[in-house]
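Residue numbers (the numbering used here), protein chains in the order written: chain A, 1 to 782; chain B, 1001 to 1137.
Quick reminder that beta carbons are idealized off the backbone N, C-alpha and C, glycines included.
Nothing here was measured: the structure is a model prediction, and the numbers come from that model.
Comments concern the structure below.
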Amino acid sequence: MSLNTKIVIIVMQVALIPWLVGGTLAFLASQEQVNAKTYTTLDSLAETQKNRLEDTLNNKLDILNLFTTSSSFVGALQGYNAQPTLLNKEKLQELVEAPGRAVGIRKLFLATTAGIVVASSDKALIGTDIQTEAYFKRGLHANDESVLGKDADGTVSQYLAGPLIADKTEGVAVVVTDADDIVNISHDFAGFGKTGETLVVTETSDGNALFLTPTRFDPSAALSRVVPASQMLPTIRAVRGEEALLLNAVDYRGIKVFAATRYIESTGWGIVVKIDQTEAYTPIRHLQELFLLIVSIISALIIAVAVTMSRSITGPVHALTAFANKIAQGDLNQSIVITSKDDVGILATTFNAMISKLQESRITLEQKVSERTKELAEKTEEAKESEQAAFNIAADLKDEEEKLEEEKMKAERLANDLKKFKLAIDNASDQIIITDPEGTVIYANAAVEKITGYKPEEALGKKSGVLWKSPMPKDYYENLWHTIKDRKETFIGEMQNKRKNGQLYTALINISPVLDSNDKIVFFVGIERDITKEKEIDTAKTEFISLASHQLRTPLTAINWYSEMLLGGDAGKMTAKQKEYFNEIALAGRQMNEIINSFLHVLRLETGTQTKNTAPTDLIAISRSIQAELQLQAERKKLRVVEKYQNSLSRVLTDADLARIIVQNFVSNALKYSKDGGEVVISLENVIAGESVAGKIAAQDSVLVAVHDSGIGVPESVKEKVFSKFYRADNAKMQDPNGNGLGLYMSKIMADIIGGIIWFVSKEGEGTTFYLLLPKEARPVV
Amino acid sequence: MATDMTKNKVLVVEDDEAMLKALRSSLVEAGLTVIEAKNGMSGLMVALKELPDIILLDILMPMMDGWEMLKELRGKNDWGKCVPVVILTNLSADEDVQIRNIAELGPSFFMVKSDWKLEGIADKVLEILNAPKVPCP
């Protein structure tokens, strides 16, 4: 090998090795950087996807909760389980059909705890057995939404199932909903590049991972493709609850990927967010190419330099050899110039500088990598901490039952004293029972048999009511025992009982403790009355009110609203005649409504269900609003309405609604029974306690409402009947045939309720003044 | 009355087809977008999905009645707590104790159907929508 070649090779080695080493280090550093960046991205994507899925699942759980916590659902299923009649079944069926297709519900069905479908929006399912279905098994214990299923047409549905619990589990509600939302989340590739994707998997019974959604590269994967547990792929790790970042993972296609795994605890689903390594490394591949290019250029440059340098070294050597040869041949007339050795020194220095620069850059890169790694570690730490979310621990409080001291001896002694009353009590029509402090019956009268069907002897020695009791809510008994045993007071209440023949009846019960001189309970006396009949009548009355209000008003509302729409031209323009007739319908509809309202008021007043809301009330405001409401009526008869309100009129503490109805009746009557062109005066004034007004003396500070008309007046002979129900004076009937005779009757009862006094002063043919005296601080009479 | 066009979605929950049709026609005429449900259960679900600006709610309905729906809605989330609800029924205030305690159920109003014209109901809806937001618990 010539000296020339040797020098070139040495120089190349010296110059290129640091370059290659430095370059490789730089490349590795940037690869680390890419890894770190990919990790961070995958990690945050995985977290986002997990959150999105969890939000969606939570929303769905809300839907399921609507059904499982619905008292209608639970009650109806309980009813059906207790009595599987056709009627109860129809009720259930009506319930499951009600939601229809709202918010993506495909099917809704109810199954018994044995897994038999009893009601279903998809009728084909009724009667089928679902006890082996995973969703049923899970839903029987707790709300579950982990199961997806494929329908006959290939669409994927989600099965939400949860128990319906009354006192015990009555059955399972299953809601089948669209799974599009889940699929859409896994198929949202924004930020996922060309190969990235989200896999959602669940664990099969044999530990494999089953795809729940189609994958980016296998559209038919949903619910069919399985990753075997034997391959420790990211999907398997995910369903096992591992939340990790995986660098050298292989995906289900056998391709090297970066992957982040997540686990959804509520459903046991695994999530894998991944991207192909080749795609992730695209940026550094460019760097790699650039690096090779630079290395080639620099190599070429170095070779050129080396050649030049070797020449500059060998040149003088050759020259010297030639010079020596020439000298040997005796040719001394030669001279040679040898270049300085500084160039080599400079070259070495340059290489040194280069190496140190490369070293520097390597250190910087290493620092960056370690910083990123640290950040990543911190983030992972934070995530872990947040996972340690606080759990609510419900503490079960156990009620400790108090033990009572036995006092049997005294009870027995006193029971002897009862003998003298026995005859009277034996024949009482109410059921009378006496028990010891433990509630064991020591006496029962003859009425027991009449009411319950059990002979008094049958009841003796048993706990009171054990024969005829039908279960009441737990807190009812707690309250009963607390009242009679702890507070030692009388308990009065209603109770559902059962006769010997199975018939239910309502009893009004009254239980009192009997105490000795030391305030100790010696026995209890219970009196029971069968109030089934009374209750039935009460119920009938309440039901009638409901019927009247809802069943009569609803068709009436339709009549009124559709008349209004026709008059408003909604169905086209009407002729004058059509308009006139529809106006009559509308007017009659309004009158009908007023009549219904009056009936309702009367019913409420008579059944005592009228409630009262007392508040400081401005009677002037009420009077003005009534005046405005009835203005049209006044104008029609050309009546002048004069309002006389005292300055600084006191507010009264009363029920504004009731007061308004009374005054409205006064004004409406005044307008109705006035002659055309007359005058109606509404006046409001303060009255001091003891003051006399229109023949009455105010018992306390009050406000007086007076409505005066110059109308037909009340004939002397019928003055006493004016406030009677349905009563109408003959002259009133002639003036206005449409009245119902309820207005003043109601006003009187309402005035009583709000503690007011109502009366009138009238002269036939001249006019009438109605008065309402309301105490400023109204105290109710009732 | 001018309508704020950003707040105009009304959910009508009503099981009676005749009532529903009349209400729909009148509310649409008032410039509102009407969505519907025929019982409390689907009403609740539609409400939570569509987030209407106001809800007209009948009481006596099959399945889940208006009260149950209102209670569910108020307990559901912050939106449900604050959306104004007009109880539109033919029961009257004394029939149902709950109507008397309506204030406890968030921003709610009560109207007896047969006492109101369609126009009056539409006006009331617009009035509530245009009113300054009522603070809710």
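By the criterion of a C-beta distance shorter than 7 Å, Y80/A is surrounded in its chain by N88, K89, L92, V118, once the five residues flanking it on both sides are discounted.
Unbroken beta strand (DSSP E) stretches of 3 residues or longer found wholly inside the region 129 to 162 of chain A: 144 to 150, given in chain order. In this structure the region 677 to 693 of chain A touches the region 636 to 654 of chain A; the number of beta carbon pairs closer than 8 Å is three or more. Following the DSSP letters along the chain, one finds V74/A inside the alpha helix (DSSP H) bounded by residues 71 to 82. A check of alpha carbon separations from I255/A across P234/A, E242/A, I264/A identifies P234/A as the nearest. Between F109/A and L86/A, the C-beta gap is not smaller than 7 Å, which leaves the two residues out of contact.
Taking the beta carbon of D1016/B as reference, the chain A residues within 7 Å of it are T554, listed in sequence order. In this structure, K498/A and S470/A form a Cβ contact; the two beta carbons are roughly 4 Å apart against a cut-off of 8 Å.
Considering only beta carbons, the part of the region 566 to 593 of chain A lying closer than 8 Å to chain B consists of G568, D570, N593, in chain order. Listed in chain order, the non-local C-beta contacts of Q131/A below 6 Å within the same chain comprise G115, local neighbours out to five positions each way being set aside. Runs of alpha helix (DSSP H) with 4 or more residues, each lying fully within the region 1061 to 1131 of chain B, are found at 1066 to 1076, 1078 to 1082, 1097 to 1100, 1118 to 1130, listed in chain order. The DSSP-derived three-state label of G589/A is helix. Between N613/A and S650/A, the beta carbon gap of about 19 Å keeps them out of contact (Cβ cut-off 8 Å). The closest CA to that of Y443/A, considering only A459/A, A428/A, G453/A, S312/A, is found on A459/A.
Residues are counted here when their Cβ sits less than 8 Å from a Cβ of chain A; for the region 1053 to 1073 of chain B these are L1060, P1062, M1063, M1064, E1068, E1072, given in chain order. Rounded to the nearest angstrom, the gap between the Cα atoms of K1117/B and N560/A is 8 Å. In the DSSP annotation of this structure, the continuous segment of the beta strand (DSSP E) that includes M495/A starts and ends at 491 to 498.
Apart from the 5 residues on each side of it in sequence, K408/A sits with its Cβ closer than 7 Å to the Cβ of D436 in its chain, given in chain order. In the structure shown, I271/A falls within a strand segment according to DSSP collapsed to helix, strand and coil. Contacts with chain B (Cβ-Cβ distance below 7 Å) from the region 179 to 195 of chain A involve no residue at all. Cβ contact annotation for D736/A (same chain, cutoff 8 Å, sequence separation greater than five): K672, Y673, in chain order.
Going by DSSP, K763/A is part of the beta strand (DSSP E) stretching over 757 to 763. Between V693/A and F760/A a beta carbon distance of about 13 Å is seen, past the 8 Å cut, so the two are scored as non-contacting. Taken through DSSP and simplified to helix, strand or coil, N248/A comes out as strand. Per the C-alpha coordinates, the member of T261/A, R253/A, I236/A positioned closest to L246/A is T261/A.
For the pair G162/A and T68/A, the CB atoms are nearer than the 7 Å cut-off. When I434/A, I545/A, A615/A, L160/A are compared, the shortest CA-CA separation from L64/A is found for L160/A. Residues of the region 681 to 711 of chain A with a Cβ closer than 9 Å to any Cβ of chain B: none. At least one C-beta of chain B is nearer than 7 Å to the C-beta of T557/A.
Going by DSSP, Y443/A is part of the beta strand (DSSP E) stretching over 441 to 444.
Judged by their CB atoms, L212/A and V226/A are not nearer to each other than the 7 Å cut-off. Secondary structure at Q503/A: coil, using DSSP grouped into helix, strand and coil.
Secondary structure within the region 430 to 474 of chain A: the beta strand (DSSP E) runs of 3 or more consecutive residues, fully enclosed, are 431 to 435, 441 to 444 (chain order).
A direct Cα-to-Cα measurement between D251/A and E265/A gives close to 23 Å. The beta-carbon distance between I545/A and L605/A, rounded to whole angstroms, is 11 Å. This is too long to meet the 8 Å contact definition. Taking 3 residues as the shortest admissible run, the region 577 to 663 of chain A contains the following complete beta strand (DSSP E) segments, listed from N- to C-terminal end: 614 to 617, 640 to 645, 652 to 655.
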